[in-house]
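Some notes on the structure that comes next.
Residue numbers (this note's numbering): 257 to 418.
Okay, structure coming up:
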């Protein structure tokens with residue numbers, strides 16, 4: 257088996273593991289910081305400062321730059337739930353890497369199991385892949401956490417995917 261030399265962010269110990277299409281545990285590939293972003297962020301030393309930089313500048317950054325910035329925060333502190341949450345949203349916005357978005361939401365659920373947003377997002381991602389059993393499991397957890405019943409928007413969304 258060939259090993260990759262590029263850095264990656266594996267799942268946190270105890271978090272749900274995601275397996276790629278080759279039946280290998282998924283690890284989030286780290287994007288290299290572009291030179292312009294390296295220069296602007298040279299003074300950032302901790303995960304919070306990287307996440308704050310993203311929060312203050314993301315509207316002016318490309319999605320790839322946003323991803324690399326948030327990944328820097330997670331390479332410093334892989335338990336920083338705020339960075340995982342923002343990264344998951346950014347991957348969903350980008351719409352190109354289902355594995356990355358799902359991996360990030362899995363980390364959010366592990367670190368903050370009461371995040372109804374994370375459970376709802378996971379239900380959407382699983383349903384989009386046609387994996388309705390996993391989607392139902394995540395939707396049920398969302399409904400439990402949010403206090404939603406069958407008459408909610410989540411139920412209407414679920415009817416759409418049937």
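We put the beta carbon where it would ideally sit given N, CA and C, even for glycine.
Computed from a prediction, not measured in an experiment: that's the story for all the values here.
{"Check": "Do residue 391 and residue 404 have their beta-carbon atoms positioned less than 8 Å apart in this structure?", "Outcome": "no"}
{"Check": "Going by DSSP in three states, residue 268 sits in which element: helix, strand or coil?", "Outcome": "coil"}
{"Check": "What three-state label does DSSP hand residue 381 in the structure shown?", "Outcome": "helix"}
{"Check": "Smallest Cα separation from residue 286: which of 397, 334 and 382?", "Outcome": "334"}
{"Check": "Residue 362: buried (16+ other C-beta within 10 angstroms of its C-beta) or exposed?", "Outcome": "buried"}
{"Check": "Just curious, the alpha helix (DSSP H) that residue 333 is in, first and last residue?", "Outcome": "It is not in any alpha helix (DSSP H) - residue 333 carries neither H nor E in the DSSP assignment."}
{"Check": "Out of 291, 383, 374 and 320, state which residue places its alpha-carbon closest to the alpha-carbon of residue 400.", "Outcome": "374"}
{"Check": "Starting from the C-beta of residue 355, find all residues in its chain whose C-beta is less than 7 Å away, skip the five residues before and the five after it, and write them out in chain order.", "Outcome": "274, 276 and 282"}
{"Check": "Taking only the alpha-carbon atoms, compute the straight-line gap between residue 388 and residue 382 and give it to the nearest angstrom.", "Outcome": "7 Å"}
{"Check": "From residue 329 to residue 302, what does the alpha carbon distance come to, in whole angstroms?", "Outcome": "7 Å"}
{"Check": "Measure the beta-carbon distance from residue 402 to residue 372 and round it to whole angstroms, keeping in mind my assumption that it falls under 8 Å.", "Outcome": "4 Å"}
{"Check": "Run through the DSSP bridge pairs and tell me what residue 275 is partnered with.", "Outcome": "281"}
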